[in-house]
Every structure is written in C-alpha cells, then in structure tokens.
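In the working numbering, the protein residues as written are 506 to 1259. Have a look at the structure below, then the notes.
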Ligand code: TNX
C-alpha cells in the first residue's frame, strides 16, 4: 500500500512538472571509469537541430566522433556554431580533459585530441543509451549541467586478446576496440601467434597461411578430462594484411594503440609445423590441437633469426606501435638441451645455461627491433637469464617479476593471473560455462592495485599500468568472449584510470547497474553479478552464525534452511543465522515482485573442528589468502573444480604446518583434507602429508594425483585435542609437466574432522 501511494504521488508530481514544461529526461552522472572530479549544477543543456559545434583542428577526431555519435544515434543533425566547443588547452595533461556542460552549451578542453576523446566518452555516458543503437527518436537530448575534471592514473591501460586458440571476426575485434576506448583504455595487445595457430598474413612465408593457420581438430572439454577427446573439425584462418591495417586504423581513430605479439622462442609449434627447419629436431610436427605448453621451440640458428627478422619486417610495416611484444613465456628448454647446435652456441657465447640462451635470443631480437626504432615488451620469463637491456616486462606470474624489473630500472605492465586473467571463472555457481580454472570475481579485479607494495614511490614510476588478458582456449565464440570480458573490463578500467582513494566497490556496483543498460544497447553479452549473494560463516566463542550480504541497495534477501528453493514468501534475512547443525542455506535477492538473479546455495558441514582454533606457520600468498586460516575449518568446502574462491588458500613453493586446537579432547574418527591439483596453473597437490595427534603420528603417501581435486579421508579413531598437519610443497615442477622449472603451488581448503 505504502509503495503504491508513493508511486501515485510521484506520477502526480511528474504530471505537474509536465504542465509547466515538457518532460525532461536527464541522466545523472554514473560514469565508468570514475572521473577525478565531478561537480553538478542545477540545470541542463539541450542538444537539438539548432545546436552548432566548433572545434580546434587539433581536436578534430574527437569532435567528429561526437558529431557522428549524435547523428547516427538520433534524428538530430549538428550545425556549425559555438554551442559545443572543443578548445585546445596546453595546461592540461596529455590524456586529461575538462568537460563543462551548462545551460548555455558544452565546452571540452584538452591539450590533445586523445584527452578530448575521453571527454567525449564521459559526455556519451550523460546521454540516453538509446543513442548507442540508433533508437533515440526524440528531437532533443538533455544533458545534465556538470563540470568534469579528469585525467588517468596510469599511462598503459590495456586489454589483451588471444586469437590463436580461437579466432574472432574483424567486426568483432572492432567492437572490442570500441568497448576499450569507451572505457578510456588505450592499448590493445593482440596475441597473434601460438602453438595452435598463426593468425597474421606474412607474405614472404606462404606456408604460415597454408599450414600454420589451421589445426586438424580441437580438444573437446577441459584439458583435465581424461582421456582427451577431439572434435574432428579443421579449425583456423588468419587476418590478411589488409584486415590488419583496417583494424590498426580503426583503433588509431579511437586512440587505441595495437601492440602485436609474435611469440618466441616458445609457443611456436604452429610456425615449426610449416617450417620444421625452424625447430631443433627437423622432425615434422603438427599445429597443436590441444592446450598447454609444448616442447617445440625455435632453434637459435641463422635460419630462425632470418625468419623472425623477415616476419618482424612485415609486422613493423603494419603496426606503428612503439612496442612489439615478443612473447618469451613458457619456453621449455628440453629441445635446446638435446641440440648440438644450441650447446655449441652456449659454449661459444660463454653462456651459463639454456636460460641465458633464451636471454641471448631475446636480446638479439631486441637489438633488431631497437635498430628499427622500436622497443620490446615480453612476458616476465624474459627476466630469466638476464633481461634484454631496454625491455619492458609484462608481469603475469604474480608480481615478483614486476618488482625485480622495476628495481632494475625497467618499465613494467602488470597482468598478474590473480587479478587480470579474465579467462578464469568469475562466479562460484557450478553451472558457469567451462573455463580454464581459477577464480577471479569482479570484486577482486576491482580491488587490484597495480603498484606492488614492495616498490618505493620512485620505483613505482616504472609501473606503466595494467592489462586484462583474455586467453581463449575455452572461449570459442564471440558471445562467450563478451561474457568473460564484461563486466571485468569495466572494473579494470577503473583500476587503471581512477584514483585509488576514490575507488569504492559498492559505488562501482551501483554505477554498473546503470551501465548494464548501455551494454544492452551495445549488444554486449555481459555476465550479471548485481544480484549475487555473499555468505560467510562466523564463529564467536564457540557459537557459529551464517551471514548473508548483497551489494545492490533497496532489495531484500529471502532464504530457506530446508533445502527448498527460496520464493517471494520465504523468510526475509534480517540478521545472522545461528548454525548448530549441518544445514543447507538457499537464498536469493528479491524485489517487491520477484526473484532477481540466481539462487545462492551453501551447504554447511557442521563437523568437530568448526569454530575451533587454527594456526598456520606461513601466511598464504596475498593473492590467494581466502578467508584466512579460519576458512579451513568453517564447515564450508571450496569449489571442486576451481581454486581461488575464498575457501581456498594458496601457498607458493612453501611447506606448511597447520595446527588445530579443538578446545577439549574429542573422539576423532576421521580427518579429510582437500587439495586442488590444477596442474595447468602449476598447482600440484602434495605427494604426502603427515598428521600428528596429541601422541600419535600418521603418514599418508598419495599416488593418484591425476585428479583435479585430491580428496582424502584418513581413519584416525583416537581421542585428541590437538591436530597437526605437516604438508610439504610438491617442489620444483619437473621437466615434461605443466609449469616445468617453476615452484609449485599448494592449494588447500576445508579440513573436515568427524
Ligand atoms: C599462460 S600468460 C599462458 C598462456 C595461456 C594462459 C591461460 C602466458 C604468458 N602464457 O599461453 O593461454 O596461461 O590462462
């Protein structure tokens, strides 16, 4: 009743306003990425047929972008005139701008066309979304009067796209670039070559098109599903040089630099399939049909260097970018170890080992590119064996690489898997579409700070910015790619553009709720996280409670405890729920009429250690610290198929000792441990663990570590108060396994005591 009355009043007041003047729809600023400073005024400006636009010639691209945006999205045509003005202001930072909308008109000031372009992107978000898809049919666009002063935090604001594992149309890539530039991102890192396909036309080497661009078939399902199955369908294609030029041009018009990546010396199997002499064995290989890391790498011989220089010559013609990405990641050294030429070269050049040979390789290519006026950028493995003198490092294996590079005076772009891998799962919902693994929810992306805490202010100047990576092993279609990219790309845009002190996740989510309409108008298939529920078990003086939260305001959470689906009539959540036995909580967000979003389900296994005291002798890695040690005995198991949700703790290369104090002696019949074993992400469950009770000691050796989840139950049948678990790390990953040569991760979740 209450609400209905309110609505009636609201409609009445609207119609009263309407009597006086025409109804005016004004969009309140809800800009993403959040600008530096926004000041609202109590008026608005109307763009209509009488509105004129003028611009300084230096700001022409942005002015024409705005004109085209309005004219193609609405029936309005702009004339020449001073209502909308683009003015040069040399006092502003290169990518900064000042946008002023008043009753009289709109002024955009910037020192560069790029700055003005970003003003236009802000202005665009003050206009109705129907302009985005040409369905706006009114004769005036009303814009909130406002002053926005803005400039970016980071110089490098990027998104990556892997087109080797799966390929996407030219039109789609343009759409992707459109989205980047709308979010004020300025770099598109185009991953063009890999083991599973070579995707750029190189005229001097026709077999790259005939052979390397196609694989015979593709792995079906996840790499961890054994035995491997294939679809039997030839897959591939490549971008012609004309198409590449078109894309580079398109990006340039939106102030996006395209950085091409030509992978070397690893991830080169597709090229070697066409030209076996580029490898170390001369044996024929095929374009890879499944994912992972392959042994085939370029042999550091004259033929290879001549080939790569020829390839780069054509690449440089197409891409004017300062940086050329040379890959450098995941290059197993087995072939080089067994190659007479490589071993001779190591001796001749006085190199220490194969890592130094990789460094020799990259330094040689760097010298070539430097001689052509370009700089190299490469994955952080290029640090191993010594960094090429002028290289920029793209840090993906955590942040250590970044710290090392910055401390030695090299520029860095941050793309750690923990916060920037948009190929990872984003939801805990077990029905989420198949992904490579991991767990990277929106909030974690949003919370990313590109400056590693180990750096001083001076050193942090070497951090150019950050980038979201989209590897496409498990992303075969454009719609699926959008689902993975959005809205995480929006969160990242704020990470790289907005000031740290202004960031506020709740506020971001409320702006995102509004932004959904724009994404709909742009026909972007985003994942919807707005009505998600977050739950937590809290223990307090031996008592346990379950707490439920949701981010969007003005909605209610309804829940059940008997396993039934929540409905509009279920109990409304008001305060934390006492938990005294194993239970299943099902909850969902509702408005007055219906359920919004999906149902959240949490099973709580109320075992003997829930609420006990727990300590671990090491801190989990900061990117995977979940809900802390307590999370290991909170009655809640993490996902069976992903690590990285808040129930999982990750330790990198460390042995750990866990101690649980049950508070008093209890009869313990069994203890169960759960370890993740996602070897593609270098997560290896331990080979053995030891359980120590008050007096007794039990050793357990594992042998079946093939499964993604190693779940083990141990018979104990002893009275005890203290339980210790000694968990050695798997160690350095041996040759032939995923991640060879790196430290293994240990991921553990619930320790179930019964
Ligand atoms: C590691 S990140 C890779 C890629 C994979 C990706 C999957 C990097 C430099 N190499 O080849 O596609 O993991 O997440």
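For every residue, glycine included, the Cβ atom is placed at its ideal position computed from N, Cα and C. Source: prediction; values computed, not measured.
Identify the continuous beta strand (DSSP E) that holds residue 969 and give its terminal residues.
968-973
May I ask which residues mark the beginning and end of the alpha helix (DSSP H) holding residue 679?
675-687
With a threshold of 16 other CB atoms inside 10 Å of the CB of residue 663, please say whether the residue is buried or exposed.
By the beta-carbon neighbour count (other beta carbons within 10 angstroms, threshold 16), residue 663 is buried.
Shorter than 7 Å, the distance from the beta carbon of residue 755 to the closest heavy atom of the ligand TNX, or not?
no
Are the CB atoms of residue 1221 and residue 1175 nearer to each other than 8 Å?
A contact, by the Cβ cut-off of 8 Å.
Whole-angstrom Cβ separation of residue 918 and residue 882, contact assumed at under 8 Å?
7 Å
Measuring from the CB of residue 835, is there a heavy atom of the ligand TNX at a distance below 7 Å?
yes
Could you check where the beta strand (DSSP E) with residue 1189 kicks off and where it finishes?
First-last for residue 1189: undefined, no H or E at that position.
Excluding sequence positions up to five away, which residues of its chain have a Cβ less than 8 Å from the Cβ of residue 783?
773, 776, 777, 803, 804, 808, 809 and 812
What does the alpha-carbon distance come out to for the pair residue 818 and residue 1187?
36 Å
Please list the terminal residues of the continuous beta strand (DSSP E) segment that includes residue 624.
Element bounds for residue 624: not the beta strand (DSSP E) but the alpha helix (DSSP H), 618-629.
Roughly how many whole angstroms lie between the Cα atoms of residue 907 and residue 1048?
44 Å
Do you know how far the Cα of residue 794 is from the Cα of residue 856?
Rounded to the nearest angstrom, the two C-alpha atoms are 34 Å apart.
Would you call the segment 924-942 and the segment 979-986 touching, i.e. three or more CB-CB distances under 8 Å?
yes
So is residue 1095 buried or exposed if we call it buried at 16+ other beta carbons inside 10 Å?
Its Cβ being crowded by 16 or more others within 10 Å, residue 1095 is buried.
Can you say whether residue 994 is buried or exposed, counting buried as having 16 or more other CB atoms within 10 angstroms of its CB?
buried
What residue from 798, 1214 and 954 has the CA that sits closest to residue 450's CA?
The shown model of the chain, from 506 to 1259, leaves out residue 450, and the question about it has no answer.
Please name the residue in 1026, 1218 and 992 whose C-alpha comes closest to that of residue 639.
Taking residue 639 as reference, the option from 1026, 1218 and 992 with the minimal CA-CA separation is 1026.
Residue range of the alpha helix (DSSP H) that residue 1015 falls in?
1010-1026 is the span of the alpha helix (DSSP H), which, as asked, contains residue 1015.
Rounded to a whole number of angstroms, what is the C-alpha to C-alpha distance between residue 517 and residue 621?
Caution applies to residue 517, whose pLDDT of 40 falls short of 50 and renders its modelled position unreliable; the model cannot decide the point.
Should residue 525 go down as buried or exposed, given a rule of 16 or more other Cβ atoms within 10 Å for buried?
Low confidence applies here, because residue 525 scores a pLDDT of 41, under 50, leaving its location unreliable and the question unanswered by this model.
Unbroken alpha helix (DSSP H) runs of length 4 or more, entirely within the segment 770-857: which are they?
774-779, 807-823, 839-842 and 845-853
Return the chain-ordered list of same chain residues with a C-beta closer than 8 Å to the C-beta of residue 464, the five sequence neighbours on each side being excluded.
Residue 464 lies beyond the range of the chain shown here (506 to 1259); nothing can be said about it.
Mind checking whether residue 1000 and residue 1071 have CB atoms under 8 Å apart?
no
Quick check on residue 546: does DSSP put it in helix, strand or coil?
strand
With a threshold of 7 Å (Cβ to nearest heavy atom), would residue 1111 be considered close to the ligand TNX?
Answer for residue 1111: no, Cβ out of range of the ligand TNX.
Across which residues does DSSP place residue 1125 in a beta bridge pair?
Under DSSP, no beta-bridge partner is assigned to residue 1125.
Suppose contacts are defined by Cβ-Cβ distances below 8 Å. Is residue 1159 in contact with residue 1226 by that definition?
no
To test your reading of the DSSP string, which unbroken beta strand (DSSP E) runs of 3 or more residues are found completely within the segment 1073-1136?
1082-1084, 1088-1095, 1100-1109 and 1118-1121
In this structure, how does DSSP classify residue 955 when only helix, strand and coil are distinguished?
Residue 955 falls in the coil class under three-state DSSP.
Using CA atoms only, rank isn't needed, just tell me which of 868, 961, 1035 and 967 is closest to residue 992.
1035
Return helix, strand or coil for residue 1138, following the three-state DSSP convention.
helix
Could you work out which residue in 885, 884, 1253 and 889 is closest to residue 862 when comparing CA atoms only?
889
Quick one: Cα of residue 893 to Cα of residue 691, how far?
25 Å
How should residue 676 be labelled, buried or exposed, when 16 other C-beta atoms within 10 angstroms of its C-beta is the threshold for buried?
By the 10 Å Cβ count, residue 676 comes out exposed.
Tell me the DSSP bridge mates of residue 737?
According to DSSP, which records beta bridges pairwise, residue 737 is partnered with nothing at all.
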